[in-house]
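**Student:** Taking the numbering used here, the leading residue of the sequence shown gets -3, the next gets one more, and so forth.
The beta-carbon is built from N, C-alpha and C at its ideal position, and this holds for glycine as well.
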Amino acid sequence: METRQLESTPGFVIFDLPGAQHYVGEARLGSRLIPGNATMLVRHLTYVFATLEQQRSGASIGLKSDPSEAAGAVEALATELGDDFSTGRLSTSPGLRLDAELLAPVLAHDQRNLIGNDDRDGISFNHELIGVGAAAAAAGLLGGLDGKRIAIEGFGPAGLGIAREAAAAGAAIARIATAKGCANGQLDPVALAEAWLADGEMCVATLSGGNEPAKPWTVWKDDVDVLFCGSKPGAMSGDGASMAGSTPVVAFSSAAVSSKALAVLRAAGTPVAADFVAAAGPALGWWADPVLTHDDLRSATADTVNAVMSETADHDDGPFMAACYRAESFLQTWQDELPFGRPLG
């Protein structure tokens, strides 16, 4: 993993693998950003591409500036890395403290298919595809979602995508959690959407009837059939894994399961679906033929995740490690050495 310091503005760029066709990752803004905190964000995407058998690599851009200086930092970035952006070697998207308007000088060069940015009832199509993939991964662990009860940690646009897909497959949404708390009950996707779009992370209070929501960590209770997690790297800690017990887990964002949690879950024989499998859908669209429709990419996402889960779900080392082995087998076809460290928080 190479970290290159920017010369025109305080900041850095991380490139994971040498010799990749393309490098992709979010751009983030903050005066205290450090490269080490982005490592697993980068590695997650590298494993997504390996899962899809694409010779591409994760990347990350960190602009170490205050928000008041963001516009100048982005302009400097766009000039310094102009060749990388204009040739398509490096592609980025808005991350922490950056939006599409601020990042416009860079995004103007993006050569990827932008279908993932389309609005789909209040969320992006990329978030919908994460929902499709995560629901397919859960179905692969459970043998289907009809009649199952689910909980979603890190509820947000991707969580809403999961809720919609799981409900369409016959599942009941028993619990969601944000950083502001946990809401319980028979939660309808329409009500979830209205609450999230109106109140963001405080939707848990709205969904709790105005009462104080439960503590966020109560989302890990083992009274559901599957737990989805995706608020941040390491969202599921060892303590969360202990609470989950034998409840299957599906990660849907970068390194959402910590290494300690995976060890606890493996010791309990609890299956874990990897984040880089469940969240592979958006990457399928980035270089897709422009003639492909939303339905085409939904089908491609479901088919891809179903195929990987069929191959890995019953592995002796568990589906997460089996998915790692699968991705690494592809990486070995074009890398002299495997990257150090798997996408775990």
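#1: Specify the secondary structure class of Ser250 as computed by DSSP and reduced to three states.
#2: Going by DSSP, what residues sit across from Gly177 in a beta bridge?
#3: I'd like the list of long-range same chain contacts for Leu203, defined as Cβ closer than 6 Å, with 5 residues on each side in sequence excluded.
#4: Going by C-alpha to C-alpha distance, which of Pro229, Ala303, Val200 and Ala257 sits closest to Ala240?
#5: Taking 7 Å as the cut-off, decide whether the C-beta atoms of Ile126 and Ala164 are in contact.
#6: Only counting runs of 4 or more residues, tell me where the alpha helix (DSSP H) segments fall wholly within the region 274 to 319, in order along the chain.
#7: CA-CA distance, Thr329 and Leu48?
#8: Is the CB-CB distance between Ala173 and Leu141 below 7 Å?
#9: Given a cut-off of 7 Å, decide if Pro339 and Leu137 are closer than it, judged by their beta-carbon atoms.
#10: From this set, Arg85, Pro212, Asp62 and His123, which residue's C-alpha is nearest Glu161's C-alpha?
#11: Label Tyr321 either buried or exposed according to how many other C-beta atoms from any shown protein chain fall within 10 Å of its C-beta, with 16 as the threshold for buried.
#12: Given a cut-off of 7 Å, decide if Met36 and Pro229 are closer than it, judged by their beta-carbon atoms.
#13: Among the candidates Phe248, Leu94, Gly118 and Ser82, whose CA atom is the shortest distance from the CA of Arg108?
#14: Go ahead and pull the three-state DSSP assignment for Leu110.
#15: Go ahead and label Leu99 buried or exposed: buried means 16 or more other beta carbons lie within 10 angstroms of its beta carbon, across all protein chains shown.
#16: Would you tell me roughly how many angstroms separate the C-alpha atoms of Ser285 and Gly129, rounded to the nearest one?
#17: My understanding is that Ala69 touches Leu59, with C-beta atoms under 8 Å, so please give their C-beta distance in whole angstroms.
#18: Does the region 11 to 25 touch the region 85 to 96, meaning 3 or more C-beta pairs lie closer than 8 Å?
#19: In whole angstroms, give me the CA-to-CA distance for Met232 and Gly157.
#20: Excluding five sequence neighbours on each side, which residues of the same chain lie with their C-beta closer than 7 Å to the C-beta of Ser27?
#21: Whose CA, out of Leu41, Gly139, Ala131 and Thr75, lies closest to the CA of Asp310?
#22: My assumption, with CB atoms under 8 Å, is that Ala319 sits in contact with Val273. Please give the rounded CB distance.
#23: Measuring only the C-alpha atoms, how far is Ala269 from Asp313?
#24: Taking DSSP as the reference, what is the three-state secondary structure of Thr329?
#25: Expressed to the nearest angstrom, what Euclidean distance is found between the alpha-carbon atoms of Val38 and Pro185?
#26: Let me know the secondary structure DSSP gives Thr202 once reduced to three states.
#27: Determine, using beta carbons only, whether Ser227 and Gly150 come nearer to each other than 7 Å.
#28: For Leu261, is the classification buried or exposed, using 16 other Cβ atoms within 10 angstroms of its Cβ as the cut-off for buried?
#29: Assuming Ser238 is part of the alpha helix (DSSP H), what are its boundary residues?
#30: Rounded to whole angstroms, how far is the Cβ of Phe11 from the Cβ of Ala55, which I believe are closer than 8 Å?
#31: Can you give the Cα-Cα distance for Gly152 and Glu197, rounded to whole angstroms?
#32: Please confirm whether Ala355 and His40 have their CB atoms less than 7 Å apart.
**Tutor:** By the coordinates alone:
#1: coil
#2: Thr174
#3: Ala179 and Ala191
#4: Ala257
#5: no
#6: 277 to 282 and 290 to 308
#7: 13 Å
#8: no
#9: no
#10: His123
#11: exposed
#12: yes
#13: Ser82
#14: helix
#15: buried
#16: Checking the sequence, you will find Asp at residue 285 rather than Ser. Approximately 20 Å between the Cα atoms of the pair.
#17: 5 Å
#18: yes
#19: 20 Å
#20: Lys60, Ser61 and Asp62
#21: Gly139
#22: 5 Å
#23: 12 Å
#24: coil
#25: 31 Å
#26: helix
#27: yes
#28: buried
#29: Gly234 to Ala240
#30: 5 Å
#31: 7 Å
#32: Residue 355 lies beyond the range of the chain shown here (-3 to 341); nothing can be said about it.
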